[in-house]
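Protein chains in written order, with full-length UniProt numbering: chain A, 1 to 819; chain B, 1 to 215.
Put into structure tokens, the structure is as follows:
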């Protein structure tokens, strides 16, 4: 069959659905049938699923002209999705094509939810099209004879690649692809990505730097220009706007009005606790929403989430309060309006959320921005410009993630075993490990076989063995079992399951939150008031609480976002505009706040760098305003605190938000000395950062994930869950052991590298310091806290840095007891 | 380096390693060493640097040399797990120091009693001595002052300018004292002091009495 005939089949099917293929869809079909690899840049809900399922099926038809009567067994294509919740939808789309074109092709799902029975059925007879996740893909590489399964595969599609890129799951995917290229040489590789700043690089990472696959590839862009309207939710009177109040609940009436006007509204919050609080606040004030409003976030159980998603599609809901859990995924056609509560911190995220509304052809997307405190309104006005100018962030891919490589090598050793020479070539062909040296490679091999770099007496280390013919293999069943369990570990916050005492799973909650509660305490979670009954193993058993009981809202640590470089720049420009006549509505609304700020201090201009100092009951505050985003401020605060501490012994506690940072001390900082000594210099940046205590602390936290991925600590045995608290302390202890005995260990060093590159954003930091060097420093000694400083000084999450001796500090400190 | 205290007319010297010397008995009390933990992890495929396991023995040597006690009493959790190669290191150590040893067994001590007896180590579940009760798990018993371990106590300090710090400590209440974990490869648990509790914190190479204040 030639291409025209194949296209006719596809077009006829499209017409049957009452659709017309988009140009990007037919372009993808053509490229795919030509045998090309590629990256499809298309937003969620644009028809990207059919852009790729169709040619997979057409390709099968082409190779098997008698496809209607004879079925050729064997895996044809793999679809990888980052969220297993999406797998059902993707399967349905594939089945629709496969069945309605009479192909007899079967579609299966393989995720963490797949039953053992189903998995062994698949092992005997693979479905033709398989939908899976990066973790399950790794697990398949950990099963015996995996090359047989994949041999016949002609395509692998990585969906939402922008979400995986810049994560270690993305690295996992790169490694899996490097193996599949050898095992299934006819396989095409396709990625699907939303718009990000570095699309070209995204494709390089997917296909391998300078790879053959990359040379035979195309990038296809959907170009679906949709109009996005950004509207600020402003109160009638600005003086009612709180200086900090991070929830924005004073605007609950305005949000209710928006909900009433629209068919379905999605209300996005940045963190799960805000989601819970908003849901409760809306219900309390507008009981009539009950039954028409739902909540959706990552800690709520899957059934409930799926129910909510279906209810949105069925137009049963007026409003859903949600978090990033609804960022991805399939089309929700009825959504007309989106409300964003609090700064979304990044343009790409904001666009994605805006794009959730107005899916019907010709519709515009409406997104309301609700600032939770006064200064955040500046973000609204910056976002509008970002949308107009389509400024989008990059996703930075990981390099040299030794933890993931070590895990992958054990995976291969668990299944059929591997020969290092063959695998080294594959690993080096990936983007992540393109710079790997022979020494690095040897380190990884030593790590998994000897547990160290030199063989020692008295050693019982056991993991991967080297067989006589040089094959690296895991022969211990218990090690293999434990490794398979480890692969699926989603590294993140330590979570516990919340269940009713009488049975019924409600969702997950972070351990630190529960550890603050006692049995009998009442908390609000998943929109319900729950009484803590007891905590057993990793389960939190609860009972329904008296509706009148006093309750605290569940909260989560995770998900603190930082302003992207692009957002920060836009934000600064908007801030400078406050001193001009060219002000947006948001800035005009902020006028009273700016006035108040100017009373004590200034609103800085482009060439000014503002520092404020004042004293309160808590001690001496010094606030600096670089407007560079939380992460850069975290690093800057640490850097500056360190440099000041070199001048004289002093102890600081540090706080930061997206606008600035604070150094708080029990002694007065000699600011004149700070200025005279030019402490903002970009010189010696790296070594100073490294010496600042904070970097060690941050690396120690990064090391937790690394230790889990590299198999240094266990997250659990079947039926016997190791408390994550123990895992946490073990990884800290291991960090210290490495620091004391093996500081050149690559995994230990990786913790620092990730801290500098991904957390401290050293590159951005350097640019910020260079900018500050050219600014004039304006130091304001204030009587009391200014509106700008308020959200920072009230932040309770703090780091510490000290150059005093411990004994000195302890003399002024106390261990407090409650009466 | 040390801090001297008195409990019921007996004199004790607290050492920064977490060990405590009982002067009247010339006895060294040590709790929660958790030997064998490093090897236990390695045996199960976690590549923790092997060299770390020698640190506990160096610490033990140092503190024995410092006090030169007549006898040593371990307050439980001497070994973290079942037998592994660290046992051999322990045997060597016992032969080397040549002192009577008593082990008040803890929840982690699952190594067969015979193995200890072969080293002439006395093993018991508790030891009553001159009005003092030596056990692994903290408990208050009428007529006794208890010395125990198990908890790995630490305390959280606070100060002006929102300063905070966590220190491992000797935790003393009216009727008992909980020793910090001696082991190099162990974690801590933050205790909430009460009005009448006394806290002796460990900072680097010092033991310091911590001020306890009402919040």
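Yeah, the Cβ is synthetic: ideal placement off N, Cα and C, and Gly gets one too.
Partner residues on chain D for residue i, Cβ-Cβ distance less than 7 Å
i                      : result
residue 712 of chain A : Of the chains in the structure shown, none is chain D; the protein chains are A and B.
Opening and closing residue of the alpha helix (DSSP H) in which residue i lies
i                      : result
residue 120 of chain A : 116-124
residue 782 of chain A : No alpha helix (DSSP H) contains residue 782 of chain A, which DSSP labels as neither H nor E.
residue 430 of chain A : Residue 430 of chain A -> no alpha helix (DSSP H), and no H or E assigned at all.
Separation of residue j from residue i, as counted between CA atoms
i                      : j                      : result
residue 336 of chain A : residue 737 of chain A : 55 Å
residue 88 of chain B  : residue 43 of chain B  : 15 Å
residue 394 of chain A : residue 348 of chain A : 9 Å
residue 72 of chain B  : residue 92 of chain B  : 16 Å
residue 136 of chain B : residue 182 of chain B : 13 Å
residue 546 of chain A : residue 282 of chain A : 20 Å
residue 134 of chain B : residue 63 of chain B  : 20 Å
residue 517 of chain A : residue 326 of chain A : 30 Å
residue 484 of chain A : residue 711 of chain A : 11 Å
residue 221 of chain A : residue 5 of chain A   : 25 Å
residue 392 of chain A : residue 629 of chain A : 16 Å
residue 86 of chain A  : residue 434 of chain A : 32 Å
residue 213 of chain B : residue 201 of chain A : 58 Å
residue 339 of chain A : residue 232 of chain A : 10 Å
residue 131 of chain B : residue 146 of chain B : 9 Å
residue 286 of chain A : residue 19 of chain A  : 40 Å
residue 613 of chain A : residue 600 of chain A : 11 Å
residue 852 of chain A : residue 681 of chain A : There is simply no residue 852 of chain A to check, as chain A begins at 1 and stops at 819 in what is shown.
Given residue i as reference, the closest of the options once Cα atoms are compared
i                      : options                    : result
residue 830 of chain A : A/300, A/75, A/731, A/305  : Since the displayed chain A opens at 1 and closes at 819, residue 830 of chain A lies outside it and no answer follows.
residue 74 of chain A  : A/583, A/148, A/96, A/63   : A/148
residue 615 of chain A : A/666, A/603, A/592        : A/666
residue 125 of chain B : B/86, B/109, B/115         : B/109
residue 743 of chain A : A/699, A/466, A/598        : A/699
residue 568 of chain A : A/173, A/444, A/343, A/204 : A/343
residue 12 of chain B  : B/1, B/24, B/18            : B/24
residue 75 of chain B  : B/160, B/58, B/123         : B/123
residue 655 of chain A : A/254, A/269, A/789, A/607 : A/789
residue 178 of chain A : A/608, A/647, A/204, A/450 : A/204
residue 247 of chain A : A/272, A/263, A/160, A/259 : A/272
residue 36 of chain A  : A/352, A/49, A/59, A/274   : A/59
residue 739 of chain A : B/84, B/51, B/156          : B/51
residue 85 of chain B  : B/78, B/59, B/53, B/102    : B/53
residue 603 of chain A : A/526, A/585, A/626, A/622 : A/626
Same chain, Cβ closer than 6 Å to residue i, five either side skipped, listed in chain order
i                      : result
residue 718 of chain A : Confidence at residue 718 of chain A is low in this model, with a pLDDT of 41, below 50, so its placement is unreliable and no value can be given for it.
residue 491 of chain A : The pLDDT assigned to residue 491 of chain A is 46, lower than 50, so where the model puts this residue is not dependable; a value taken from the coordinates is nonetheless given after this. Once the five neighbours on either side are set aside, the close Cβ partners of residue 491 of chain A are 705, 708.
residue 170 of chain A : 164
residue 94 of chain B  : 119
residue 55 of chain A  : 29, 32, 33
residue 196 of chain B : 174
residue 720 of chain A : Reliability fails at residue 720 of chain A, whose pLDDT of 46 lies under 50, so the model's placement of it is uncertain and the value that follows must be treated cautiously. Taken in chain order, the list of residues that qualify is empty.
Residues bridged to residue i [DSSP beta-bridge criterion]
i                      : result
residue 148 of chain B : B/178
residue 206 of chain B : B/203
residue 38 of chain A  : A/190, A/218
residue 79 of chain A  : A/131, A/157
residue 487 of chain A : Paired residue(s): none; residue 487 of chain A is not in a bridge.
residue 231 of chain A : A/368
residue 776 of chain A : A/608
residue 529 of chain A : A/524
Residue i CB to nearest heavy atom of the ligand SAH below 7 Å
i                      : result
residue 216 of chain A : Annotation note on the ligand SAH: not contained in the displayed structure, which lists no ligands.
Where the beta strand (DSSP E) containing residue i begins and where it ends
i                      : result
residue 612 of chain A : 608-616
residue 95 of chain B  : No beta strand (DSSP E) holds residue 95 of chain B; the alpha helix (DSSP H) holding it covers 86-97.
Sequence-distant residues of the same chain with beta carbon closer than 8 Å to residue i, five excluded per side
i                      : result
residue 819 of chain A : Only weak support exists for where residue 819 of chain A lies, its pLDDT of 45 falling under 50; the coordinates are left without a value.
residue 27 of chain B  : 21, 69, 70, 71, 72, 73
residue 605 of chain A : 576, 579
residue 62 of chain A  : 1, 6, 33
Own chain, CB closer than 7 Å to residue i, minus 5 neighbours either side, in chain order
i                      : result
residue 162 of chain A : 193, 194, 196, 202, 395
residue 501 of chain A : 533, 541, 542, 543
residue 297 of chain A : 272, 275, 322, 323, 325
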